[in-house]
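Under the numbering used here, think of the first position of the sequence shown as 663, with each following residue one higher.
Heads up, the thing below is written out as structure tokens.
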Amino acid sequence: LRGEVARREQLLKEAGRRVQGSAFNSVTEYENARTSAAGAAADLPPLPTLFVVADEFTLMLADHPEYADLFDYVARKGRSFRIHI
């Protein structure tokens, strides 16, 4: 999950630099450029929403308390990259 957040963050930086000279500030800005399909933005891939579903979340955290920080990180930072828990 951390890797996916990092990948999406890097995608917005690199695509923004290529299309407009600086990183995209949001997924919405990225999608607006992508759907305009003008120039360098024409080949931008879609950035789908990712939903993370954890059945028996409380039990999982009881067995693996180290995951608490990961889920907190994804809940805070992932939201801006369309990753939802």
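Yeah, the Cβ is synthetic: ideal placement off N, Cα and C, and Gly gets one too.
Q: Whole angstroms is fine: what's the gap from residue 720's alpha carbon to residue 693's?
A: 35 Å
(Q) My output table needs one value for residue 674: the three-state DSSP class, helix, strand or coil. (A) helix
Q: Taking only the alpha-carbon atoms, compute the straight-line gap between residue 755 and residue 717 and give it to the nearest angstrom.
A: Outside the modelled stretch of the chain, which goes from 663 to 747, sits residue 755, for which no answer is possible.
**Q.** Candidates 723, 713, 727, 726, of which the one nearest residue 663 by Cα
**A.** 713
Q) From residue 697 to residue 728, what distance separates their C-alpha atoms? A) 40 Å
(Q) Beta-carbon within less than 6 Å of residue 707's beta-carbon, same chain only, minus the 5 sequence neighbours each way: which residues are those? (A) none
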